[in-house]
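Some notes on the structure that comes next.
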Amino acid sequence: MAAPSQDRNLLAVIGDEDTVTGMLLAGIGNVSQNQKKNFLVVDSKTQVPTIEAAFEEFTQRKDIAILLINQHVAEKIRPMVDKYQEPFPALLEIPSKDHPYDPSKDSILKRVQKLFGE
1 MAAPSQDRNL
11 LAVIGDEDTV
21 TGMLLAGIGN
31 VSQNQKKNFL
41 VVDSKTQVPT
51 IEAAFEEFTQ
61 RKDIAILLIN
71 QHVAEKIRPM
81 VDKYQEPFPA
91 LLEIPSKDHP
101 YDPSKDSILK
111 RVQKLFGE
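Read in the working numbering, the sequence shown has 38 at position 38, and its numbers run on one by one without any break.
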């Protein structure tokens, strides 16, 4: 069962360097006492298992309220993203500077549209 929402006070981000840098400059960065970060920079050399491990870790942590992931990164782990159904942390796919947002690929938006009968 998910932790109560009042215990969740962090954002996490999985994205390209520009996205993560912007989020860190905005103040979301956190490194816990046991050296756990709440962000992952994904580049062309980042292996899919590394992205999957970060996604799994961030969705299991009890201190993260929202997980932001670049849509083009989410595409690399689409089965995991599509399977994720928990309310916390909330999962949001966001665009990046080099990859515009495509609503047809957003599994969360598809679920919302299905709920509203669209």
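Each residue gets a CB set at the ideal place from its N, CA and C atoms; glycine is no exception.
- A direct Cα-Cα distance of roughly 28 Å separates K97 from R8.
- In this structure, I14 places its C-beta atom within 9 Å of the C-beta atom of F58.
- Under the 8 Å Cβ criterion, the region 91–109 does not count as touching the region 39–50, having fewer than three qualifying pairs.
- Around the CB of F55, 16 or more other CB atoms lie within 10 Å, so the residue is classed as buried.
- In the three-state reduction of the DSSP assignment, I77 falls in the helix class.
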